[in-house]
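One structure is given here, and the rest of the page talks about it.
Number of protein chains: 2
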Amino acid sequence: MSGSRVNSKNEKTVAILKIRARLLDAARSWFKQNNYTEVQGPTIMPAVGDWPGSFEIKYFDKKAYLTQGLQPYASALVADLEKIYTIAPAFRAEKQSTQRHLTEYWRIEAAQQCTLNRILHSEEELIAHVCQALSKEAAEPFKHFNRSTNELANVKTPFPKITYDQAINTLQKEGFNVVWGQKLTQPLEENLSQQFKSPFFITKFPLSFETYFTKSDPKKPELTLSADLIAPEGYMELGSTAQRITQKKILSKRMADENTEPSEAKWYLSLMQKDTPHSGFAIGLERFLQWLCKLEYIKEATAFPRTHDELYP
Amino acid sequence: MSGSRVNSKNEKTVAILKIRARLLDAARSWFKQNNYTEVQGPTIMPAVGDWPGSFEIKYFDKKAYLTQGLQPYASALVADLEKIYTIAPAFRAEKQSTQRHLTEYWRIEAAQQCTLNRILHSEEELIAHVCQALSKEAAEPFKHFNRSTNELANVKTPFPKITYDQAINTLQKEGFNVVWGQKLTQPLEENLSQQFKSPFFITKFPLSFETYFTKSDPKKPELTLSADLIAPEGYMELGSTAQRITQKKILSKRMADENTEPSEAKWYLSLMQKDTPHSGFAIGLERFLQWLCKLEYIKEATAFPRTHDELYP
Chain A
286 MSGSRVNSKN EKTVAILKIR ARLLDAARSW FKQNNYTEVQ GPTIMPAVGD WPGSFEIKYF
346 DKKAYLTQGL QPYASALVAD LEKIYTIAPA FRAEKQSTQR HLTEYWRIEA AQQCTLNRIL
406 HSEEELIAHV CQALSKEAAE PFKHFNRSTN ELANVKTPFP KITYDQAINT LQKEGFNVVW
466 GQKLTQPLEE NLSQQFKSPF FITKFPLSFE TYFTKSDPKK PELTLSADLI APEGYMELGS
526 TAQRITQKKI LSKRMADENT EPSEAKWYLS LMQKDTPHSG FAIGLERFLQ WLCKLEYIKE
586 ATAFPRTHDE LYP
Chain B
286 MSGSRVNSKN EKTVAILKIR ARLLDAARSW FKQNNYTEVQ GPTIMPAVGD WPGSFEIKYF
346 DKKAYLTQGL QPYASALVAD LEKIYTIAPA FRAEKQSTQR HLTEYWRIEA AQQCTLNRIL
406 HSEEELIAHV CQALSKEAAE PFKHFNRSTN ELANVKTPFP KITYDQAINT LQKEGFNVVW
466 GQKLTQPLEE NLSQQFKSPF FITKFPLSFE TYFTKSDPKK PELTLSADLI APEGYMELGS
526 TAQRITQKKI LSKRMADENT EPSEAKWYLS LMQKDTPHSG FAIGLERFLQ WLCKLEYIKE
586 ATAFPRTHDE LYP
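Respectively, the protein sequence lines represent chains A and B. Residues in the first sequence are numbered consecutively from 286, following our numbering. Residues in the second sequence are numbered consecutively from 286, following our numbering.
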């Protein structure tokens, strides 16, 4: 869309934008069929502890930040509406590889009153529904990409699931020098991804990996009730999932342990209303498109990309 | 949703959120039926001349701003996709009355290759479709508000249209001390609004009122091909509409006349691709809900409002 892309890349860009619109339509249809209420959280947020990488805004005489997702507000919304979703922009002020990272991206985010296993089922059903719908409704724009719509028609639930522990074992057997407790860096994640033909989940990451609101596994408290959705074929993480802490006392302690300012913990905790199981997931729209269309650079998945070194037009 | 609203106001808030979700669903259905492609523009924007009231962001080593709408990008998108729409957050860093103004709001925005009259027709069809749909599908949540769904079922096209010139004449006859060239301030707009039972358009505002990209009326160059959509019953502007300049030379001169920095004009002009008629409109989602539900304060139309004096939770 931008100046340099008008000529050579324009047909591909138009095809991506058509696939993107179909994808969103298919996702919303799935949410509607499954009785999720669409909501919008704020983009402009007050500070809250331990979320590095937020863009800062001058908000009149206060400091504010651009959202990294609906999570802080999901608890209050789920208490009243039970099953919710939002499709909205989110932001990361990080100087990461522009191959896989945008500073502004769109998130497909859902939350509901349920456990981790139940939300993983919702998440895989959503992804499979979108792939099926695109295989039927987007054959024409997919001709511009190295992806057959048959492959999309074959994306079916249940998705494979491996635990973080299993992932580490697998990588060790393949000769990677990796120990339990290490993060799955890009080469490790890519290796695992190459072993799958369908999107798959890695579940139960160590406690130290996750944000303070993620619930511990009652059976193994050093692990969390968390999961990443990974694209197959050597692509990367599409989304993250977690069962959240719903007891104010526990969350309050976790926030204090992480040195969250009391004023920041206070507004956050004021949103917690119900002590019933609550889980949520978020899918990165452009990551999803990058895998679907086998794009080399994530910025090809949007008309006017924002990366740490690209602000125009 | 927020702390103080949990008890007494909670039922109303939940009802609003349900109406809001239905409204968005009805709007998207209309866009889909009428072959608009959904798009997303960037939230983080470079500077462009003469748009006061933008929030500034520190974007690594550059200055950037939060979007006030899709307009800068609509021209490039419309060139390729013909009819587009977006539903996305937009921002105003202005200390205005919190009764009618949010600093963060959601915009339902559309653009297409057509003249002002054609886009006004699309706009009124969209609004009427949404009102009809809500009258059928949202009877239950509307019970919480002083609005009968029959009134919504009676919102039909074509909407009344008066020119700015006629509006000034009408106000003068009613005894208001107002002359041609004056803006329609809140009491004036409210008075006009009270004369209508259906949303209506005020068209052809003076050139000095409009942003530089608005096309002049070829028959009367002191006027523009512009329109505001006004809610009836004493409510306010719901949206704005304009046919846009599509000749780079004319726009370039207008930007220079308004002392736009050449670097700012450059990226903006790089997005202009086709010299065919191009018009667009934007509806403020919360303003629309404020009128539909007869809300006293616009912040009642969203779960977590942002006003110049309200940033929490």
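Beta carbons are placed, not taken as given, at the ideal position from N, Cα and C, and that holds for glycine. From a predicted model like this one, the values you see are computed outputs, not experimental measurements.
Beta-carbon gap between residue i and residue j smaller than 8 Å
{"i": "Tyr358(A)", "j": "Ala375(A)", "result": "no"}
{"i": "Ala567(A)", "j": "Glu341(A)", "result": "no"}
{"i": "Leu523(A)", "j": "Ile530(A)", "result": "no"}
{"i": "Tyr520(A)", "j": "Ile487(A)", "result": "no"}
{"i": "Ser339(B)", "j": "Leu351(B)", "result": "yes"}
{"i": "Arg392(B)", "j": "Ala373(B)", "result": "yes"}
{"i": "Ile329(A)", "j": "Ala300(A)", "result": "no"}
{"i": "Phe490(A)", "j": "Pro445(A)", "result": "no"}
{"i": "Leu259(B)", "j": "Lys533(B)", "result": "Outside the displayed range of chain B (286 to 598) lies residue 259(B), so it cannot be described from this structure."}
{"i": "Glu581(B)", "j": "Gly334(B)", "result": "no"}
{"i": "Asp594(A)", "j": "Thr383(A)", "result": "yes"}
{"i": "Thr371(A)", "j": "Gln325(A)", "result": "yes"}
CA-to-CA distance, residue j to residue i, given in whole angstroms
{"i": "Glu571(B)", "j": "Ala311(B)", "result": "15 Å"}
{"i": "Lys482(A)", "j": "His414(A)", "result": "17 Å"}
{"i": "Ala418(B)", "j": "Trp576(B)", "result": "16 Å"}
{"i": "Leu387(A)", "j": "Lys458(B)", "result": "56 Å"}
{"i": "Phe316(B)", "j": "Cys578(B)", "result": "23 Å"}
{"i": "His563(B)", "j": "Gln397(B)", "result": "6 Å"}
{"i": "Ile447(A)", "j": "Glu507(A)", "result": "17 Å"}
{"i": "Glu422(B)", "j": "Leu437(A)", "result": "34 Å"}
{"i": "Ala332(A)", "j": "Thr587(B)", "result": "20 Å"}
{"i": "Ile639(A)", "j": "Gln528(A)", "result": "Since the displayed chain A opens at 286 and closes at 598, residue 639(A) lies outside it and no answer follows."}
{"i": "Phe427(A)", "j": "Lys428(B)", "result": "46 Å"}
{"i": "Arg377(B)", "j": "Gln353(B)", "result": "7 Å"}
{"i": "Glu367(A)", "j": "Tyr321(A)", "result": "8 Å"}
{"i": "Tyr601(B)", "j": "Lys343(A)", "result": "Residue 601(B) falls outside the range modelled here, since chain B spans only 286 to 598, and no answer is possible."}
{"i": "Glu425(B)", "j": "Met557(B)", "result": "46 Å"}
{"i": "Ser287(B)", "j": "Asp365(A)", "result": "Per-residue confidence for Ser287(B) stands at a pLDDT of 48, beneath the threshold of 50, marking its modelled position as unreliable; the derived number appears in the next sentence. Rounded to the nearest angstrom, the two C-alpha atoms are 12 Å apart."}
{"i": "Glu474(B)", "j": "Phe589(B)", "result": "28 Å"}
{"i": "Asn402(A)", "j": "Ser511(A)", "result": "10 Å"}
{"i": "Tyr497(A)", "j": "Glu296(A)", "result": "44 Å"}
{"i": "Gln451(A)", "j": "Ser314(B)", "result": "45 Å"}
{"i": "Thr434(B)", "j": "Ile369(B)", "result": "30 Å"}
{"i": "Glu495(B)", "j": "Leu309(B)", "result": "28 Å"}
{"i": "Arg305(A)", "j": "Lys584(A)", "result": "13 Å"}
{"i": "Arg290(A)", "j": "Pro598(A)", "result": "Low per-residue confidence applies at Arg290(A): pLDDT is 43, beneath 50, and the placement is therefore not dependable enough to give any value."}
{"i": "Arg307(B)", "j": "Thr442(B)", "result": "21 Å"}
{"i": "Gln461(B)", "j": "Phe573(A)", "result": "Inspection of the sequence shows that residue 461(B) is occupied by Phe rather than by Gln. The straight-line gap from Cα to Cα measures roughly 57 Å."}
{"i": "Val363(A)", "j": "Val464(A)", "result": "38 Å"}
Whole-angstrom C-beta distance between residue j and residue i, which should lie under 8 Å
{"i": "Ile404(B)", "j": "Gly565(B)", "result": "7 Å"}
{"i": "Leu492(A)", "j": "Thr509(A)", "result": "6 Å"}
{"i": "Lys347(B)", "j": "Leu596(A)", "result": "6 Å"}
{"i": "Thr298(A)", "j": "Glu408(A)", "result": "Thr298(A) to Glu408(A), Cβ: 29 Å. No contact."}
{"i": "Gln479(A)", "j": "Glu543(A)", "result": "No, Gln479(A) and Glu543(A) are not in contact; Cβ-Cβ is about 35 Å, not under 8 Å."}
{"i": "Pro327(A)", "j": "Arg591(B)", "result": "6 Å"}
Extent of the continuous beta strand (DSSP E) to which residue i belongs
{"i": "Thr499(B)", "result": "Counting along the chain, Thr499(B) falls outside any beta strand (DSSP E), and DSSP gives it neither H nor E."}
{"i": "Ala512(A)", "result": "511-515"}
{"i": "Tyr370(A)", "result": "368-376"}
{"i": "Arg392(A)", "result": "389-397"}
{"i": "Tyr344(A)", "result": "341-344"}
{"i": "Lys584(A)", "result": "Element bounds for Lys584(A): n/a, residue is neither H nor E."}
{"i": "Ala281(A)", "result": "Limits of chain A in this structure are 286 at one end and 598 at the other, which puts residue 281(A) out of reach."}
{"i": "Thr526(B)", "result": "522-528"}
{"i": "Phe485(B)", "result": "485-488"}
Bounding residues of the alpha helix (DSSP H) (the contiguous stretch that carries residue i)
{"i": "Thr434(A)", "result": "434-438"}
{"i": "Tyr449(A)", "result": "449-458"}
{"i": "Gln479(A)", "result": "471-479"}
{"i": "Ser302(A)", "result": "Strictly speaking, residue 302(A) in this sequence is Leu, with Ser absent from that position. That run of the alpha helix (DSSP H) goes 295-318."}
{"i": "Ala418(B)", "result": "401-422"}
{"i": "Ser537(B)", "result": "533-542"}
{"i": "Gln575(B)", "result": "570-577"}
{"i": "Ala550(B)", "result": "547-555"}
Residue i: CB within 7 Å of a non-hydrogen atom of the ligand SAM
{"i": "Glu379(A)", "result": "Only the bare structure without any ligand can be found here, which leaves the ligand SAM out of the picture."}
At a Cβ cut of 7 Å, what residues of the region 543-556 of chain B count as close to chain A, listed as they run along the chain?
-> If you check each beta-carbon in the region 543-556 of chain B against every beta-carbon of chain A, the ones closer than 7 Å belong to Trp552, Ser555, Leu556.
What residues in the region 321-334 of chain B bring their beta carbon closer than 7 Å to a beta carbon of chain A?
-> When CB distances to chain A are screened at a threshold of 7 Å, the residues of the region 321-334 of chain B falling below it are Thr322, Glu323, Val324, Gln325, Gly326, Pro327, Thr328, Ile329, Pro331, in chain order.
Interface residues of the region 384-396 of chain A facing chain B [CB-CB below 9 Å] | Within the region 384-396 of chain A, the residues whose Cβ lies closer than 9 Å to any Cβ of chain B are, in chain order, Thr388, Glu389, Trp391.
If you measure beta-carbon to beta-carbon, which residues of the region 346-364 of chain B are closer than 8 Å to chain A?
-> Correct list: Lys347, Ala349, Leu351, Pro357, Tyr358, Ala361, Leu362.
If you measure beta-carbon to beta-carbon, which residues of the region 567-595 of chain A are closer than 9 Å to chain B?
-> If the cut-off is 9 Å between Cβ atoms, the region 567-595 of chain A has Leu570, Thr587, Ala588, Phe589, Pro590, Arg591, His593, Asp594 near chain B.
Which residues, in order along the region 425-445 of chain A, keep a beta-carbon less than 8 Å from a beta-carbon of chain B?
-> Taking 8 Å as the Cβ-Cβ cut-off against chain B, none of the residues of the region 425-445 of chain A qualify.
For the region 510-524 of chain A, which residues have a beta carbon sitting closer than 8 Å to at least one beta carbon of chain B?
-> Residues of the region 510-524 of chain A with a Cβ closer than 8 Å to any Cβ of chain B: none.
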